[in-house]
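What follows is a set of notes on a single structure, which appears directly below.
2 protein chains.
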Amino acid sequence: MQSASDSEQTSSEVTNERALAILDAAEEMLEAEGVEALSARAIAQRAGVAKGLVFYYFGSTQELFERVLERYYERHKASLERAFASEGDTRGRLHRVVDEYLDFMEENVTYARIVQQQIASAGPHMGLVTRHLRQVLAMTRTMLVGITPSRGPRSAEHFHISLSAVVINYFTYGPVLLGEDALDRRALDERRAHVHWVVDTWLDGLEHHR
Amino acid sequence: MQSASDSEQTSSEVTNERALAILDAAEEMLEAEGVEALSARAIAQRAGVAKGLVFYYFGSTQELFERVLERYYERHKASLERAFASEGDTRGRLHRVVDEYLDFMEENVTYARIVQQQIASAGPHMGLVTRHLRQVLAMTRTMLVGITPSRGPRSAEHFHISLSAVVINYFTYGPVLLGEDALDRRALDERRAHVHWVVDTWLDGLEHHR
DNA sequence: TTTGCATTTGACCGCTCGGTCAAAACCCTG
DNA sequence: CAGGGTTTTGACCGAGCGGTCAAATGCAAA
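Residue numbers (the working numbering), protein chains in the order written: chain A, 69 to 278; chain B, 69 to 278.
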């Protein structure tokens with residue numbers, strides 16, 4: 069096989085066994101220790117592999133990190149598309165999207181953290197993150213067409229930012245403001261009810277405004 | 069004068085001229101280069117001072133960073149308290165709080181970034197950030213008493229998280245999703261209108277629910 | 001002027017980082 | 001078995017980091 073570092077460019081799969089081990093190790097460390105604990109040495113050790121192999125397969129730690137982000141995003145996208153494709157009126161579909169979004173975040177709090185962190189710090193992976201987030205925005209936009217005006221303070225863009233803020237920030241701010249049990253089952257269900265209430269209130273407000 | 073590193077503990081002022089220069093330099097660098105560019109060397113150079121002085125006055129780079137955070141927070145708090153203290157009914161006061169919040173964020177985007185970053189990365193200054201954010205939550209809570217139920221999905225806690233999410237995230241996600249001009253005067257005014265609409269819709273919904 | 005303390009300096013230490021690379025190990029084919 | 005490409009290793013490099021500290025400087029009181 070060729071040195072893998074130049075054999076793929078976009079979001080193609082990592083097939084090689086060792087490369088996958090490295091990728092998994094990186095993701096595990098990210099979940100367990102946080103992004104600042106990541107280093108080629110530590111990842112290699114966790115994967116049971118020599119440090120050089122990280123660079124052999126991924127070229128640089130940055131590229132490795134991007135592959136981890138890609139994997140997260142693929143799951144995120146698949147999860148949302150499922151909900152977007154569902155049947156019913158906009159209100160019902162929107163509730164399903166929100167549920168899917170919340171489900172995903174429950175199981176991937178780390179993803180929420182990384183994205184917020186990258187955005188807030190203008191980190192080195194902004195290009196990737198930008199591309200991803202804009203695709204999600206595009207989904208929301210097509211879904212809200214006909215419901216929201218195309219410009220102004222009630223445009224789909226504003227709702228998208230607000231809604232994803234309401235969803236995502238709970239997972240980062242919640243534990244800080246309410247204590248660690250903010251991510252308990254009970255608390256999460258309560259938050260879910262809150263988000264659904266927010267969605268309904270907004271939709272009512274939008275209808276009323278027309 | 070005593071070695072300043074142990075002369076103060078909480079949020080007391082930095083009076084010394086050189087210490088202030090260092091503090092200002094740190095804040096400037098934070099605004100200009102981002103948090104990862106911060107280093108004792110770089111800050112000292114920008115302040116026109118030897119590196120050792122940073123440790124002489126602040127003990128460690130961590131403590132220096134905390135002082136920068138403190139200063140931001142003092143301004144934030146002062147800004148919000150002004151609005152909370154205003155006259156009128158809850159709706160009017162809430163709009164004033166939101167306006168003040170938006171004004172503050174416009175002028176201190178860096179603060180928004182740092183806080184989000186610390187929270188998202190469980191950074192080394194979580195204790196400080198937690199203390200600050202909880203004080204702000206306490207303000208919101210007292211303001212919404214009688215309007216929101218004390219528990220459940222429409223509690224003041226949920227609204228606080230949602231509202232501050234809607235306010236703050238625009239400054240971090242906006243430029244990513246809508247392009248750099250998301251922070252233009254025009255775009256910011258539009259966002260302001262959106263946030264006010266959100267507040268009104270929520271208050272209407274809350275009244276309707278009682 | 002001398003003494004003593006507070007302030008200021010920057011060379012220096014130990015450490016970790018990302019990344020390189022020559023050599024070793026592995027593996028398939030002739 | 002021999003040869004040759006691929007994969008894997010880990011010592012090594014230069015750079016930057018936070019932090020220390022002995023020495024230099026400034027300064028005010030005796």
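From the three backbone atoms N, C-alpha and C, an ideal C-beta is built for every residue, glycine too.
Since the model is a prediction, treat every value here as computed from it, not as a measurement.
Proximal residues to residue i (C-beta, below 7 Å), its chain only, five neighbours per side dropped
i                 : result
Val-234 (chain A) : Val-263 and Val-266
Thr-216 (chain A) : Arg-222, Ser-223, Ala-224, Phe-227 and Leu-274
Tyr-141 (chain B) : His-200
Ile-111 (chain A) : Ile-90, Ala-93, Ala-94, Met-97 and Val-122
Ser-154 (chain B) : Arg-161 and Arg-164
Ala-250 (chain B) : Gly-242 and Pro-243
DSSP state of residue i mapped onto helix, strand, coil
i                 : result
Gly-83 (chain A)  : First, the residue type needs correcting, since residue 83 (chain A) is Thr and not Gly in the sequence shown. Three-state DSSP puts Thr-83 (chain A) in coil, outside helix and strand.
Val-204 (chain A) : helix
Val-266 (chain A) : helix
Val-122 (chain B) : helix
Val-177 (chain B) : helix
Val-213 (chain A) : strand
Ser-154 (chain A) : coil
Arg-109 (chain A) : helix
Ser-218 (chain A) : coil
Pro-243 (chain B) : helix
Gly-160 (chain B) : helix
Val-235 (chain A) : helix
CA-to-CA distance, residue j to residue i, given in whole angstroms
i                 : j                 : result
Phe-227 (chain A) : Ala-261 (chain B) : 12 Å
Leu-205 (chain A) : Glu-225 (chain A) : 7 Å
Asp-272 (chain B) : Tyr-169 (chain A) : 26 Å
Leu-162 (chain B) : Leu-256 (chain B) : 19 Å
Glu-99 (chain B)  : Thr-178 (chain B) : 6 Å
Tyr-124 (chain B) : Gly-242 (chain A) : 37 Å
Thr-198 (chain A) : Ile-182 (chain B) : 19 Å
Arg-159 (chain B) : Asp-171 (chain B) : 18 Å
Gln-113 (chain B) : Trp-270 (chain B) : 50 Å
Leu-212 (chain A) : Ala-87 (chain A)  : 41 Å
Gly-191 (chain B) : Met-97 (chain A)  : 16 Å
Glu-322 (chain B) : Glu-81 (chain A)  : There is no way to answer for residue 322 (chain B), as the model of chain B reaches only from 69 to 278.
Ser-218 (chain A) : Thr-210 (chain A) : 11 Å
Leu-201 (chain A) : Met-207 (chain A) : 10 Å
Asn-176 (chain B) : Ala-93 (chain B)  : 16 Å
Thr-287 (chain A) : Ala-188 (chain B) : No answer is possible for residue 287 (chain A): it lies beyond the span of chain A, which begins at 69 and ends at 278.
Gln-77 (chain B)  : Asp-157 (chain A) : Low local confidence applies: a pLDDT of 35 at Gln-77 (chain B) is under 50, so the model's placement there is unreliable, and no value is given.
Arg-254 (chain B) : Leu-137 (chain B) : 29 Å
Asn-84 (chain A)  : Arg-139 (chain A) : 15 Å
Asp-252 (chain B) : Ala-146 (chain B) : 25 Å
Glu-149 (chain A) : Arg-135 (chain B) : 45 Å
Gly-214 (chain A) : Asp-268 (chain A) : 17 Å
Contact belief for residue i with residue j at Cβ below 8 Å, rounded distance in angstroms
i                 : j                 : result
Ala-180 (chain A) : Arg-164 (chain A) : Between Arg-164 (chain A) and Ala-180 (chain A) the Cβ distance is about 20 Å, and since that is not below 8 Å, they are no contact.
Cβ neighbours of residue i in the same chain (closer than 8 Å, five flanking residues each side left out)
i                 : result
Glu-248 (chain A) : none
Ala-277 (chain A) : Note that residue 277 (chain A) corresponds to His in the displayed sequence, not to Ala. So the list reads Arg-222, once near-sequence residues are dropped.
Leu-106 (chain B) : Ala-94, Met-97, Leu-98, Thr-129 and Phe-133
Same chain, Cβ closer than 6 Å to residue i, neighbours up to 5 away in sequence not counted
i                 : result
Arg-259 (chain B) : Tyr-238
Thr-129 (chain A) : Ala-108
Phe-126 (chain A) : Leu-132
Lys-119 (chain B) : Ala-108, Arg-109 and Ala-112
Ala-115 (chain A) : Ala-89, Ile-90 and Ala-93
CA nearest to the CA of residue i, picked from the options
i                 : options                                       : result
Ile-236 (chain B) : B:Thr-158, B:Arg-159 and B:Met-173            : B:Met-173
Gly-220 (chain B) : B:Leu-274, B:Arg-114 and B:Val-117            : B:Leu-274
Phe-133 (chain B) : B:Gln-203, B:Gln-186 and B:Leu-251            : B:Gln-186
Leu-246 (chain B) : A:Val-103, A:Ala-89, A:Gln-113 and A:Ser-223  : A:Ser-223
Leu-301 (chain B) : A:Asp-252, A:Ser-189, A:Arg-202 and A:Val-244 : Not covered by the structure: residue 301 (chain B). The range shown for chain B is 69 to 278.
Leu-231 (chain B) : B:Thr-240, B:Lys-145 and B:Val-166            : B:Val-166
Val-144 (chain A) : A:Leu-251, A:His-277, A:Gln-203 and A:Asp-252 : It should be pointed out that residue 144 (chain A) corresponds to His in this sequence rather than to Val. It is A:Gln-203.
Val-117 (chain B) : B:Ser-147, B:Ala-89 and B:Glu-155             : B:Ala-89
Ile-229 (chain B) : B:Ser-147, B:Glu-104 and B:Gln-184            : B:Gln-184
Val-103 (chain A) : A:His-193, A:Asp-252 and A:Leu-251            : A:His-193
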